[in-house]
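Our numbering numbers the first residue of the sequence shown as 1 and each following residue consecutively. For every residue, glycine included, the Cβ atom is placed at its ideal position computed from N, Cα and C. Below is one structure; the comments refer to it alone.
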Amino acid sequence: MQRIYNIFISLMIFGMKIGASFNYKLKRGLAGRRQSCDILKSVFSETDRVIWMHAASLGEYEQGLPVLESLKNKYPDYKILITFFSPSGYEVVAKKNTIANAVCYLPFDKPVWINEFISNFKPVIFFTVKYEYWYNLLQKLNRDQVKIYVISSLFYERQIFFKPYGKWFVRQLRKNVDWFFHQTNTSYALAKTIKLDQSSISGDTRYDRVRQIKERDPHVDFIPEFKGKKPLLVFGSSWETEEEIAVIVSAKLPELKIIIAPHDLKRVEHLQHLFPNAVLYSETTFDQLDVQVMIIDSVGLLSKIYAYADLAFVGGGFHSAGLHNILEAAAFGTPVLFGNRYQKNPEADDLIRNKGGASFIDENYAADFILKIMNDKQLLEEMGKNAGEFINAQPNSTELIMKKITSDLG
Numbered sequence: 001m002q003r004i005y006n007i008f009i010s011l012m013i014f015g016m017k018i019g020a021s022f023n024y025k026l027k028r029g030l031a032g033r034r035q036s037c038d039i040l041k042s043v044f045s046e047t048d049r050v051i052w053m054h055a056a057s058l059g060e061y062e063q064g065l066p067v068l069e070s071l072k073n074k075y076p077d078y079k080i081l082i083t084f085f086s087p088s089g090y091e092v093v094a095k096k097n098t099i100a101n102a103v104c105y106l107p108f109d110k111p112v113w114i115n116e117f118i119s120n121f122k123p124v125i126f127f128t129v130k131y132e133y134w135y136n137l138l139q140k141l142n143r144d145q146v147k148i149y150v151i152s153s154l155f156y157e158r159q160i161f162f163k164p165y166g167k168w169f170v171r172q173l174r175k176n177v178d179w180f181f182h183q184t185n186t187s188y189a190l191a192k193t194i195k196l197d198q199s200s201i202s203g204d205t206r207y208d209r210v211r212q213i214k215e216r217d218p219h220v221d222f223i224p225e226f227k228g229k230k231p232l233l234v235f236g237s238s239w240e241t242e243e244e245i246a247v248i249v250s251a252k253l254p255e256l257k258i259i260i261a262p263h264d265l266k267r268v269e270h271l272q273h274l275f276p277n278a279v280l281y282s283e284t285t286f287d288q289l290d291v292q293v294m295i296i297d298s299v300g301l302l303s304k305i306y307a308y309a310d311l312a313f314v315g316g317g318f319h320s321a322g323l324h325n326i327l328e329a330a331a332f333g334t335p336v337l338f339g340n341r342y343q344k345n346p347e348a349d350d351l352i353r354n355k356g357g358a359s360f361i362d363e364n365y366a367a368d369f370i371l372k373i374m375n376d377k378q379l380l381e382e383m384g385k386n387a388g389e390f391i392n393a394q395p396n397s398t399e400l401i402m403k404k405i406t407s408d409l410g
């Protein structure tokens, strides 16, 4: 099975190289990986003790960040490394001021590349977020006696671990991972069925993260003046269907203010065609705010903009790519709406169950509900109150995780 796995990795690399000829995102990822070791050599020595967080993309980074920050506070003499698989995570975080000494791409999971990468420093703690497992990497770290954790672990029945041909992968996890911190009771129970007993339920660290964000100054220039005294609907990380909903709602509720932050800034031009009178955030001046729609064409503002929303519609729930972060909006006591394709997002079911959110099968049902709730102030306030209480009721996952890790390290 290890040979088959290594063949699969080689085929994946080959496929990505071909795809890079047609896909700029893949091309950037391949180019970035060629720089990873140079980045490490410029920052670390072979003896530097390092806390290492790996995240597939930006969402997993946000999920793991509360734990990384707590570890840095606990062990200030250790250096920090953050690695990514996806350009969509790396390119955002690499431009930020973070607590990391180095941010780079994780090399592809071939033993020779993994060994070269790790030869540049001495990892003490490694943790990956949610469900990204690279087996040659885990094996190498285990041999080097590095403590290995999975933060906000999420198992579900369709994963390879629960298939007849998945036993090798389970053995690798059982042998190499020190502890799984599970998001949900279901994930914990599933792990137990395959004898991953090094497990506990800690909840989802994203709740800790959004509570942190809520406590920070949410001010965004122009947004209070744009909203004024009118209700504000924010479409966060929108895809095509959410934008169709915005078109319907804007026509039927002319007094409603709408902000659209697309999941990809390449969609801004399309949004300008849909809303020719809209103002772009980057070009906004105070004398341009008397319009119904504002398009956010800048990165990093959305989590703060939710603080001004009376209602939020989060994108991805109608798309195979999956639902984006609904907790950022809920943390501000904002009712959250989304599509019904969210199988890998248990928090969506929890929010619906607590009557702080709702999902829909298509744009027409969604638009009808928006028209209803925007004309029912009591329902709007009740859903917002429920959303905020739901977030605040979640356990402090970071605290539970830190107790275990610090105990392991003595």
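Candidates the options: which alpha carbon is nearest residue i's?
i, options, result
"residue 52", "308, 27, 80, 190", "80"
"residue 185", "121, 155, 206, 205", "155"
"residue 176", "312, 331, 134", "134"
"residue 153", "276, 397, 292, 315", "397"
"residue 65", "410, 207, 20", "207"
"residue 410", "75, 92, 327, 285", "75"
"residue 395", "182, 299, 288", "182"
"residue 78", "94, 63, 101", "101"
"residue 84", "72, 129, 380, 326", "129"
"residue 9", "107, 194, 330, 229", "107"
"residue 172", "351, 301, 1, 381", "1"
"residue 338", "245, 270, 255, 269", "245"
"residue 271", "160, 235, 377, 164", "235"
"residue 388", "402, 269, 162, 335", "335"
"residue 260", "288, 116, 223, 361", "223"
"residue 196", "227, 105, 307, 150", "150"
"residue 381", "18, 355, 36, 86", "355"
For a quick check, are the C-beta atoms of residue i and residue j less than 8 Å apart?
i, j, result
"residue 349", "residue 178", "no"
"residue 120", "residue 44", "yes"
"residue 297", "residue 265", "yes"
"residue 370", "residue 211", "no"
"residue 132", "residue 54", "yes"
"residue 144", "residue 232", "no"
"residue 374", "residue 253", "yes"
"residue 292", "residue 257", "yes"
"residue 200", "residue 41", "no"
"residue 359", "residue 340", "yes"
"residue 267", "residue 62", "no"
"residue 363", "residue 241", "yes"
"residue 294", "residue 279", "yes"
"residue 321", "residue 351", "no"
"residue 220", "residue 160", "no"
"residue 198", "residue 169", "no"
Would you mind reading off the limits of the beta strand (DSSP E) that contains residue i?
i, result
"residue 122", "122 to 129"
"residue 54", "49 to 55"
"residue 182", "179 to 182"
"residue 359", "357 to 360"
"residue 295", "293 to 295"
Which residues in the same chain have their Cβ closer than 6 Å to the Cβ of residue i, if we skip the five residues on either side of it in sequence?
i, result
"residue 213", "303"
"residue 136", "109, 111, 114"
"residue 126", "52, 141, 146, 148"
"residue 282", "297, 298"
"residue 400", "202"
"residue 342", "317, 323, 348"
"residue 284", "222"
"residue 39", "102, 104"
Output the boundary residues of the alpha helix (DSSP H) element that contains residue i.
i, result
"residue 320", "Counting along the chain, residue 320 falls outside any alpha helix (DSSP H), and DSSP gives it neither H nor E."
"residue 8", "2 to 19"
"residue 303", "302 to 305"
"residue 147", "No alpha helix (DSSP H) contains residue 147, which is instead part of the beta strand (DSSP E) from 147 to 153."
"residue 39", "36 to 43"
"residue 380", "377 to 392"
"residue 67", "58 to 74"
"residue 418", "Beyond the ends of the chain as shown, which are 1 and 410, falls residue 418; an answer cannot be given."
"residue 32", "24 to 33"
"residue 275", "First-last for residue 275: undefined, no H or E at that position."
"residue 169", "167 to 176"
"residue 337", "Looking at the DSSP string, residue 337 is not in any alpha helix (DSSP H); the run it does join, the beta strand (DSSP E), is 336 to 339."
"residue 401", "397 to 409"
"residue 353", "346 to 353"
"residue 135", "135 to 143"
"residue 414", "The displayed coordinates of the chain run from 1 to 410. Any statement about residue 414 would go beyond what the structure contains."
"residue 327", "327 to 330"
Going by beta carbon distance, what residues of the same chain come within less than 7 Å of residue i, once the five residues before and after it are set aside?
i, result
"residue 187", "153, 154, 155"
"residue 20", "26, 27, 30"
"residue 421", "Any answer about residue 421 is impossible in this case: the structure gives the chain only from 1 up to 410."
To which residues of the same chain is residue i closer than 8 Å at the C-beta, ignoring the five residues directly before and after it?
i, result
"residue 118", "140, 141, 144"
"residue 69", "99"
"residue 48", "79, 121, 122"
Contiguous alpha helix (DSSP H) assignments of at least 4 residues, all confined to the stretch 190 to 266: 205 to 215, 223 to 227, 240 to 252
Whole alpha helix (DSSP H) runs in the stretch 85 to 126 with 4 or more residues, listed along the chain? For the stretch 85 to 126, whole alpha helix (DSSP H) runs of length 4 or above, ordered along the chain, are 87 to 93, 111 to 118.
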